[in-house]
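Encoded as structure tokens, the structure appears first; notes follow it.
There are 2 protein chains.
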Amino acid sequence: MDRNVFKIDKLPTVRRLPAYLHILRQLARCDEKFVSSAFLAEKLNIEPILVRKDFELTRVAGTPRVGYSISGLIASIEEFLGWGEDLDAILVGVGQLGASILGYRELMDFRLRILAGFDSDPEKVGTAVHGVPVFAVTRLEELLGRLRARLAILTVPSADAQNITDLLVSSGIRGIWNYTSENIVVPADVITQKEDLASGLAVLCVKMSRNMPSPL
Amino acid sequence: MDRNVFKIDKLPTVRRLPAYLHILRQLARCDEKFVSSAFLAEKLNIEPILVRKDFELTRVAGTPRVGYSISGLIASIEEFLGWGEDLDAILVGVGQLGASILGYRELMDFRLRILAGFDSDPEKVGTAVHGVPVFAVTRLEELLGRLRARLAILTVPSADAQNITDLLVSSGIRGIWNYTSENIVVPADVITQKEDLASGLAVLCVKMSRNMPSPL
DNA sequence: TATTTATCGATATTTTTTTATCGTATAGCA
DNA sequence: TGCTATACGATAAAAAAATATCGATAAATA
Ligand SMILES: NC(=O)c1ccc[n+]([C@@H]2O[C@H](COP(=O)([O-])OP(=O)(O)OC[C@H]3O[C@@H](n4cnc5c(N)ncnc54)[C@H](O)[C@@H]3O)[C@@H](O)[C@H]2O)c1
Ligand SMILES: NC(=O)c1ccc[n+]([C@@H]2O[C@H](COP(=O)([O-])OP(=O)(O)OC[C@H]3O[C@@H](n4cnc5c(N)ncnc54)[C@H](O)[C@@H]3O)[C@@H](O)[C@H]2O)c1
Numbered sequence: 000m001d002r003n004v005f006k007i008d009k010l011p012t013v014r015r016l017p018a019y020l021h022i023l024r025q026l027a028r029c030d031e032k033f034v035s036s037a038f039l040a041e042k043l044n045i046e047p048i049l050v051r052k053d054f055e056l057t058r059v060a061g062t063p064r065v066g067y068s069i070s071g072l073i074a075s076i077e078e079f080l081g082w083g084e085d086l087d088a089i090l091v092g093v094g095q096l097g098a099s100i101l102g103y104r105e106l107m108d109f110r111l112r113i114l115a116g117f118d119s120d121p122e123k124v125g126t127a128v129h130g131v132p133v134f135a136v137t138r139l140e141e142l143l144g145r146l147r148a149r150l151a152i153l154t155v156p157s158a159d160a161q162n163i164t165d166l167l168v169s170s171g172i173r174g175i176w177n178y179t180s181e182n183i184v185v186p187a188d189v190i191t192q193k194e195d196l197a198s199g200l201a202v203l204c205v206k207m208s209r210n211m212p213s214p215l
Numbered sequence: 000m001d002r003n004v005f006k007i008d009k010l011p012t013v014r015r016l017p018a019y020l021h022i023l024r025q026l027a028r029c030d031e032k033f034v035s036s037a038f039l040a041e042k043l044n045i046e047p048i049l050v051r052k053d054f055e056l057t058r059v060a061g062t063p064r065v066g067y068s069i070s071g072l073i074a075s076i077e078e079f080l081g082w083g084e085d086l087d088a089i090l091v092g093v094g095q096l097g098a099s100i101l102g103y104r105e106l107m108d109f110r111l112r113i114l115a116g117f118d119s120d121p122e123k124v125g126t127a128v129h130g131v132p133v134f135a136v137t138r139l140e141e142l143l144g145r146l147r148a149r150l151a152i153l154t155v156p157s158a159d160a161q162n163i164t165d166l167l168v169s170s171g172i173r174g175i176w177n178y179t180s181e182n183i184v185v186p187a188d189v190i191t192q193k194e195d196l197a198s199g200l201a202v203l204c205v206k207m208s209r210n211m212p213s214p215l
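Protein sequences, first through last, are from chains A and B. Heads up: the first sequence begins at 0 in numbering that gives the first Met the number 0, then just goes up one per residue. Heads up: the second sequence begins at 0 in numbering that gives the first Met the number 0, then just goes up one per residue.
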């Protein structure tokens, strides 16, 4: 199935890694040295055994009666995710959502560095949003030749998503973090990740309707 | 395991339902009447058989050589998710992200109606953001007594997440759509859904690092 | 030093999810 | 009407993920 070239296993584990990382960093800031699977499980509302299973991926060995080395885990998870060094990206569509992402401080935790924004609105071109310069989308190809970014955040209106995607791909972007509601089409060697708020809401709604006695 | 009171199965299916719904509505707008599992699978980059399995949940029967009734599927999925009627909600923390959600037009597709915003910033109280009135967070309990909303969208700074959660819970909120990076703690009968951007980025990063020959 | 206790980690089991197989139903068409 | 191609759907199989069991190890304590 060539559509699944980029299928990876242990995907649920990968999805949990950032959550572990977040807690581990908090602990590290409090000068904690070790943490148990039970502690992390409690925080994340999962089973301790699942935490230990996930940590097999990190190759960090825990010690009985003590737990895992926090710094060891952090280093290993960061390395696994490639979050040890800055991750250069651009953002296309500096609208409401785009601007809020540019101003999202905690994004630095993932070492994501947004080098430039691109927009079609002449009013926005030439300005800086939260310190990030905004360029005309027409200059995308030209500027991407100079920037090292291979990752793009897509926050244009859904109707423009495919057009801009095509432009991004032909300009050398290899990964697209897609916030639009469109299912964009890319060549086989380009990775996309769709951020779908609706699916989270769907889960919430189903859980609420299933287990709540009263309507909604 | 009482933490899993609200565990539901077929969760991956539930997560995909909004994506089906989105495409089905597009088709309906084009006056299409029927759709095949192969068509939807192609759009979503999944296998047709998975679409058919998912549709078992809708109890809509497809007809060979024709496919599924689009209107039937839409009605069934909406009913399943409870998206057939307006879903009243409030939003706490009318900052960058909060404001962008309030201005998110496509949110109406889920029939989510945000009745009010709440914020601690006196500058924001009394204003309207994208037509939604913003009240002081101190009036939350009082106003929730009058509003029918049982769902809250949480977009306050992460440091305030737990405090506000406690307030929401004691004010009668039963479901919290949590956009902060905190793992909030709630009583057993309250549902939370954490929207974690980091996990999407993690998946993207891992996919990119795994299958790209060149670094990043 | 022996005992107790917490916690890991190897292995096995169960559950859930995805994918495959193949018979069946139906629309279109000769 | 009978043939053919298409798409479903029941059943089975495979794969993946989560959970359980339990022995081993190391810290704390007596
Ligand atoms: N606002 C939200 O909370 C939210 C949430 C989830 C997803 N989204 C998605 O994010 C996208 C943007 O939503 P928004 O609310 O920020 O809309 P918006 O209209 O505020 O922002 C869109 C921006 O893209 C720019 N733009 C339009 N066409 C362009 C083009 N061809 N090239 C470059 N830039 C272009 C516009 O000038 C504008 O600045 C939509 O696809 C929406 O579905 C938004
Ligand atoms: N900006 C993003 O793109 C983004 C993305 C994902 C998650 N988040 C999360 O969303 C949250 C908000 O982020 P933001 O970028 O919008 O920050 P922000 O500072 O722009 O917005 C926070 C808002 O909450 C209000 N507030 C603060 N304390 C409050 C309280 N006790 N009660 C009520 N309101 C209060 C502030 O006045 C402000 O209006 C954070 O937890 C962040 O982690 C943001």
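Virtual Cβ for every residue (Gly too), placed ideally from N, Cα, C.
Run down chain B in chain order and give the residues with a C-beta less than 8 Å from the C-beta of residue i.
{"i": "proline 17 of chain A", "result": "Asp195, Ala197, Ser198, Leu200 and Ala201"}
{"i": "glycine 102 of chain A", "result": "Gln95"}
{"i": "leucine 43 of chain A", "result": "Asn182"}
{"i": "glutamate 105 of chain A", "result": "Ser157 and Ser180"}
Name, please, each residue of chain A whose Cβ falls closer than 8 Å to the Cβ of residue i.
{"i": "leucine 10 of chain B", "result": "Val202"}
{"i": "leucine 111 of chain B", "result": "Leu200"}
Under 7 Å Cβ-Cβ, which residues of chain B neighbour residue i?
{"i": "arginine 51 of chain A", "result": "The premise fails here: arginine 51 of chain A is roughly 17 Å from chain B at the closest Cβ pair, so nothing lies under 7 Å."}
{"i": "leucine 96 of chain A", "result": "Ser99"}
{"i": "leucine 39 of chain A", "result": "Ordered by position in chain B, no residue passes the 7 Å Cβ test against leucine 39 of chain A, which lies about 10 Å from the chain."}
Check for me: the beta strand (DSSP E) holding residue i runs from which residue to which?
{"i": "glycine 116 of chain A", "result": "111-118"}
{"i": "alanine 135 of chain B", "result": "131-135"}
{"i": "isoleucine 152 of chain A", "result": "150-153"}
{"i": "glycine 174 of chain A", "result": "174-177"}
{"i": "alanine 60 of chain B", "result": "That residue, alanine 60 of chain B, is in no beta strand (DSSP E); it is neither H nor E in DSSP."}
{"i": "threonine 191 of chain A", "result": "190-193"}
{"i": "aspartate 87 of chain B", "result": "86-91"}
Terminal residues of the continuous alpha helix (DSSP H) containing residue i?
{"i": "threonine 12 of chain A", "result": "10-28"}
{"i": "valine 168 of chain B", "result": "160-169"}
{"i": "lysine 32 of chain A", "result": "Here lysine 32 of chain A belongs to no alpha helix (DSSP H), and DSSP marks it neither H nor E."}
{"i": "isoleucine 69 of chain B", "result": "69-80"}
{"i": "lysine 52 of chain A", "result": "47-55"}
{"i": "alanine 98 of chain A", "result": "95-101"}
{"i": "alanine 40 of chain B", "result": "36-43"}
{"i": "arginine 143 of chain A", "result": "With the sequence shown as reference, residue 143 of chain A is identified as leucine, and arginine is not the correct amino acid for it. 139-145 is the extent of the alpha helix (DSSP H) around leucine 143 of chain A."}
List, in order along the chain, the chain A residues whose C-beta lies closer than 7 Å to that of residue i?
{"i": "serine 208 of chain B", "result": "Gly81"}
{"i": "valine 223 of chain B", "result": "Not covered by the structure: residue 223 of chain B. The range shown for chain B is 0 to 215."}
Interface residues of the segment 160-190 of chain B facing chain A [CB-CB below 8 Å]: Arg173, Gly174, Trp176, Ser180, Asn182, Asp188 and Ile190
Any 3 or more C-beta pairs closer than 8 Å across the segment 85-94 of chain A and the segment 148-168 of chain A: yes
Meets three-Cβ-pair contact criterion under 8 Å: the segment 186-193 of chain A and the segment 190-209 of chain B: yes
The segment 114-124 of chain A touching the segment 15-31 of chain A, judged by at least three CB pairs closer than 8 Å: no
Cβ contact (3+ pairs, closer than 8 Å) linking the segment 77-87 of chain A and the segment 171-188 of chain B: no
Interface residues of the segment 116-142 of chain A facing chain B [CB-CB below 8 Å]: none
Short-range partners of chain A found in the segment 74-86 of chain B, where Cβ spacing is below 8 Å: Phe79, Leu80, Gly81, Trp82 and Leu86
Inter-stretch contact at 8 Å, needing at least 3 Cβ pairs: the segment 101-113 of chain B / the segment 134-146 of chain B: no
Cβ pair count under 8 Å reaching 3, the segment 63-71 of chain B against the segment 57-74 of chain A: no
Three or more C-beta pairs below 8 Å linking the segment 53-66 of chain A and the segment 95-102 of chain A: no
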